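Here my numbering is used: the first residue of the sequence shown is 299, the next is one more, and so on. Everything below concerns the one structure shown next.
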Amino acid sequence: MRKRRKIITVSTAVAAAATLPLLMSPVVSAAVLEDDDESSRMTRLYAPPPDRDSYRQVARLAWRGDFRDSAGLLSMVRTPQAVWYGDETPEQVERLVRRTTRSADWQGRLPVLALYNVPGRDCGSYSSGGADSLAEYEAWIDAVAAGIGDREVLIILEPDSLALLPSDCADASSAAQTAVEQQTVIEEQTTADEQTTTDEQTTADGQSAADGQPAADGQPAAQEQPAAEESPTELPPLPDPGASTAPPTGSAAPGTGQEAAQTPGQQLPDALPATSETPAPKPPEVQEPAALEPSASQTPAPEPSTEQPGTLPELPPLPTPDPVTPEAGNSVDPDELDTPVVEDPETAARYSEINYAVDVLTALGQTSVYLDAGHAGWHSISSIVPRLIKAGIDRATGFALNVSHYQTDPDSTWYGRLISSCLAYADEGGDPEKCADQSWSRRHARRWLRAHAPDDPAGMKHYVTDTSRNGQGPWTPRDRHIDAQSWCNPPGRGLGRRPTTHTGDALMDAALWVKTPGESDGRCLRGTDGPLDPVRGTVNPEAGEWFPDQALELVRYADPAVKVFRRTAGR
Numbered sequence: 299m300r301k302r303r304k305i306i307t308v309s310t311a312v313a314a315a316a317t318l319p320l321l322m323s324p325v326v327s328a329a330v331l332e333d334d335d336e337s338s339r340m341t342r343l344y345a346p347p348p349d350r351d352s353y354r355q356v357a358r359l360a361w362r363g364d365f366r367d368s369a370g371l372l373s374m375v376r377t378p379q380a381v382w383y384g385d386e387t388p389e390q391v392e393r394l395v396r397r398t399t400r401s402a403d404w405q406g407r408l409p410v411l412a413l414y415n416v417p418g419r420d421c422g423s424y425s426s427g428g429a430d431s432l433a434e435y436e437a438w439i440d441a442v443a444a445g446i447g448d449r450e451v452l453i454i455l456e457p458d459s460l461a462l463l464p465s466d467c468a469d470a471s472s473a474a475q476t477a478v479e480q481q482t483v484i485e486e487q488t489t490a491d492e493q494t495t496t497d498e499q500t501t502a503d504g505q506s507a508a509d510g511q512p513a514a515d516g517q518p519a520a521q522e523q524p525a526a527e528e529s530p531t532e533l534p535p536l537p538d539p540g541a542s543t544a545p546p547t548g549s550a551a552p553g554t555g556q557e558a559a560q561t562p563g564q565q566l567p568d569a570l571p572a573t574s575e576t577p578a579p580k581p582p583e584v585q586e587p588a589a590l591e592p593s594a595s596q597t598p599a600p601e602p603s604t605e606q607p608g609t610l611p612e613l614p615p616l617p618t619p620d621p622v623t624p625e626a627g628n629s630v631d632p633d634e635l636d637t638p639v640v641e642d643p644e645t646a647a648r649y650s651e652i653n654y655a656v657d658v659l660t661a662l663g664q665t666s667v668y669l670d671a672g673h674a675g676w677h678s679i680s681s682i683v684p685r686l687i688k689a690g691i692d693r694a695t696g697f698a699l700n701v702s703h704y705q706t707d708p709d710s711t712w713y714g715r716l717i718s719s720c721l722a723y724a725d726e727g728g729d730p731e732k733c734a735d736q737s738w739s740r741r742h743a744r745r746w747l748r749a750h751a752p753d754d755p756a757g758m759k760h761y762v763t764d765t766s767r768n769g770q771g772p773w774t775p776r777d778r779h780i781d782a783q784s785w786c787n788p789p790g791r792g793l794g795r796r797p798t799t800h801t802g803d804a805l806m807d808a809a810l811w812v813k814t815p816g817e818s819d820g821r822c823l824r825g826t827d828g829p830l831d832p833v834r835g836t837v838n839p840e841a842g843e844w845f846p847d848q849a850l851e852l853v854r855y856a857d858p859a860v861k862v863f864r865r866t867a868g869r
């Protein structure tokens, strides 16, 4: 017995001693950090300390001899990515931000901070939370600014805050509830029809027996009754509830679990313009993603199909009012001719919160601030540009795209160019409603750009994109009769382009890993009572917690693939 215990003890010690050098060896360390890549020589990005659970998974994989996955996972968690802050008190966030920015400054690297504490965030979904009031949020932003000081920082300001305004939350909730209620009506109507048919047959049989009339089979037949009007048993088909799928999540903040959310009620184009890019290889049993797939926490519903049967007759168009012509000698303010837009108090407060943060953070001198602009499968150009303008984009560095989402790089690049061009057009007095949209053909859109976009990109707003999980593009669920929540831990996704500030695009400042790859977007109940995720068949971790299954998927399906061996110089 003692000999057996001694063997087990010695074996454990040997395995532990073998595992630790492996994690520090060139094999795993070669899980090529972006510092050694040509793309990061211009600006070295900061890599925060990895999640402890991620290191535990790395050790478990190495322990059982799965060295390639272990090395790939270690490469992923050691790649530069954003540091998320939200839900901390002002005192806590000031201390944590100061620690991060000082560490990055000592290393000569640029830290990326994702601030995620706006009141009413995520429409109360998996990453709900945030400050309780405007005053509380302003105090929190002041503390963040104090923690940054005069150090250089890149800030992703409040993912989903503009793409998912408080006024969008009711639309998301009512759309999902309406779909459930309509399906319930159909089921109840079908049950009632079946019960009515059974009752009528039972009554007829009873009446026949009472009257004593002969029947064809020798049984008493029912007396001839006047035909009753039959109730319809077939109803027109409802809109496919799976036609719109969700986003987040944005990225999950450590401890807060942010996912870029999306909401119904936004007008979407039928399809994105085709690109000449060759699609990335798809993992096994993963369908081709849709061209336009909304994802940020909940997904907006697409425009109703023209083939959908209407329930109301089409009304004639309203007469167009005559244009107002000012009398000679009198000037008319164009703003007075517009119908005033009434915003709900929560949405008005959201704009105040973002504007305050922009003013405070940009005043620091070395802080670049990027506002939330959703992604290419969510809002049209004419929808997102006015929101950016109201939020103070004129004083910010630019805008951020695809945070916590899965849109491809070509789609994000095209969408970013259209937004930047429309912002410049609106700055010169143009109407955003007339801007080129991502639903237009490329030929039509380029014609608009040649006519209205500035020639010099230096005078336009720049953008950054989140490429942490877009290697395989957006996910398309097989079952379109569920609330797919395609932004929420979709299966078979992969890491995308590695973080870099050398993008080759004059308008694109950086490709970043804003969402922390490997962290869960939430439980992902997809319209069910749970606790299982019906797509994965498992109970997903809470938002912001480490998700081992998804982490491995991201490594295995990465595009470009994760490099785990470094080529020796001279070979």
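Beta carbons: idealized from backbone N, C-alpha and C, even for Gly. Small disclaimer: the values here were computed from a predicted structure and weren't measured.
For residue i, does the count of other Cβ atoms within 10 angstroms reach 16, so buried, or fall short, so exposed?
{"i": "Gly384", "result": "buried"}
{"i": "Glu456", "result": "buried"}
{"i": "Ala437", "result": "exposed"}
{"i": "Gln664", "result": "exposed"}
{"i": "Pro844", "result": "Checking the sequence shown, residue 844 turns out to be Trp, not Pro. So Trp844 ends up on the buried side."}
{"i": "Thr488", "result": "Low confidence applies here, because Thr488 scores a pLDDT of 44, under 50, leaving its location unreliable; read the following figure in that light. Burial call: exposed."}
{"i": "Val837", "result": "exposed"}
{"i": "Pro347", "result": "exposed"}
{"i": "Glu389", "result": "exposed"}
{"i": "Asp420", "result": "buried"}
{"i": "Thr711", "result": "buried"}
{"i": "Ala804", "result": "exposed"}
{"i": "Arg776", "result": "exposed"}
{"i": "His673", "result": "buried"}
{"i": "Gly828", "result": "exposed"}
{"i": "Ser373", "result": "buried"}
{"i": "Ser423", "result": "buried"}
{"i": "Ala433", "result": "exposed"}
{"i": "Arg778", "result": "exposed"}
{"i": "Asp807", "result": "buried"}
{"i": "Ala402", "result": "buried"}
Report the rounded CA-to-CA distance for residue i versus residue j, giving the unit in angstroms.
{"i": "Leu371", "j": "Leu462", "result": "32 Å"}
{"i": "Arg834", "j": "Ala412", "result": "28 Å"}
{"i": "Thr798", "j": "Met758", "result": "21 Å"}
{"i": "Gln565", "j": "Ala468", "result": "Any reading at Gln565 must be qualified, since the residue scores a pLDDT of 41, below 50, and its modelled position is unreliable; no value is offered."}
{"i": "Thr645", "j": "Ile780", "result": "29 Å"}
{"i": "Gly728", "j": "Pro643", "result": "28 Å"}
{"i": "Pro464", "j": "Tyr668", "result": "20 Å"}
{"i": "Thr660", "j": "Glu392", "result": "17 Å"}
{"i": "Ala841", "j": "Asn787", "result": "10 Å"}
{"i": "Leu716", "j": "Ala360", "result": "46 Å"}
{"i": "Tyr649", "j": "Val442", "result": "19 Å"}
{"i": "Tyr713", "j": "Arg693", "result": "21 Å"}
{"i": "Ile454", "j": "Ala756", "result": "21 Å"}
{"i": "Val860", "j": "Trp746", "result": "39 Å"}
{"i": "Gly427", "j": "Gly418", "result": "6 Å"}
{"i": "Ala782", "j": "Asp657", "result": "38 Å"}
Please say whether residue j and residue i have beta carbons closer to each other than 8 Å?
{"i": "Ser818", "j": "Leu793", "result": "no"}
{"i": "Cys720", "j": "Val683", "result": "yes"}
{"i": "Val381", "j": "Thr398", "result": "yes"}
{"i": "His677", "j": "Trp785", "result": "no"}
{"i": "Asp364", "j": "Val853", "result": "no"}
{"i": "Gln770", "j": "Ile679", "result": "no"}
{"i": "Tyr344", "j": "Gln405", "result": "yes"}
{"i": "Gly445", "j": "Arg407", "result": "no"}
{"i": "Gly820", "j": "Ser425", "result": "yes"}
{"i": "Leu699", "j": "Ala655", "result": "no"}
{"i": "Val416", "j": "Ser459", "result": "yes"}
{"i": "Ser666", "j": "Thr695", "result": "yes"}
{"i": "Thr377", "j": "Arg796", "result": "yes"}
{"i": "Pro789", "j": "Trp773", "result": "yes"}
{"i": "Asp448", "j": "Leu662", "result": "yes"}
{"i": "Asp764", "j": "Leu810", "result": "yes"}
Going by DSSP, which residues form a beta bridge with residue i?
{"i": "Trp844", "result": "Glu817"}
{"i": "Ser666", "result": "Leu452"}
{"i": "His760", "result": "Gly696"}
{"i": "Trp382", "result": "Ala412"}
{"i": "Met806", "result": "Tyr761"}
{"i": "Asp831", "result": "Thr836"}
{"i": "Thr660", "result": "Thr660 pairs with nothing; no bridge assigned."}
Does any residue of chain B have a CB that is nearer than 8 Å to the CB of residue i?
{"i": "Leu371", "result": "Checking the listed chains, one finds no chain B in this structure; it contains a single protein chain."}
Three or more C-beta pairs closer than 8 Å, one from the stretch 720-730 and one from the stretch 807-827: is that the case here? Contact between the stretch 720-730 and the stretch 807-827 is absent: fewer than three C-beta pairs spanning the two stretches fall below 8 Å.
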